[in-house]
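Beneath this line is the structure, given in structure tokens, with notes to follow.
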Amino acid sequence: MPEEPPPRRSPGDYRPDLRPMLILLALFVMVIIAWLFLSPLILPA
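Our numbering applies: residue 88 is where the sequence shown begins, and numbers increase by one.
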């Protein structure tokens, strides 16, 4: 029986997890949109 080499990740298989960044970006965009809609009410002209 030939021994198999231990499986190791090739650099092409590795991709960074972007979900936390996407969640933070979505929250940031929602806050900006909410501020744009609410700022006339908070700061009356």
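Ideal Cβ placement from N, Cα and C applies to all residues, glycine included.
In this structure, how does DSSP classify residue i when only helix, strand and coil are distinguished?
{"i": "Leu130", "result": "coil"}
{"i": "Leu111", "result": "helix"}
{"i": "Leu125", "result": "helix"}
Using only the alpha-carbon positions, how far apart do residue i and residue j sit?
{"i": "Ile129", "j": "Ile119", "result": "14 Å"}
{"i": "Trp122", "j": "Pro103", "result": "31 Å"}
{"i": "Phe115", "j": "Met108", "result": "10 Å"}
{"i": "Phe124", "j": "Arg106", "result": "27 Å"}
{"i": "Met117", "j": "Ile110", "result": "11 Å"}
{"i": "Ser126", "j": "Ala113", "result": "20 Å"}
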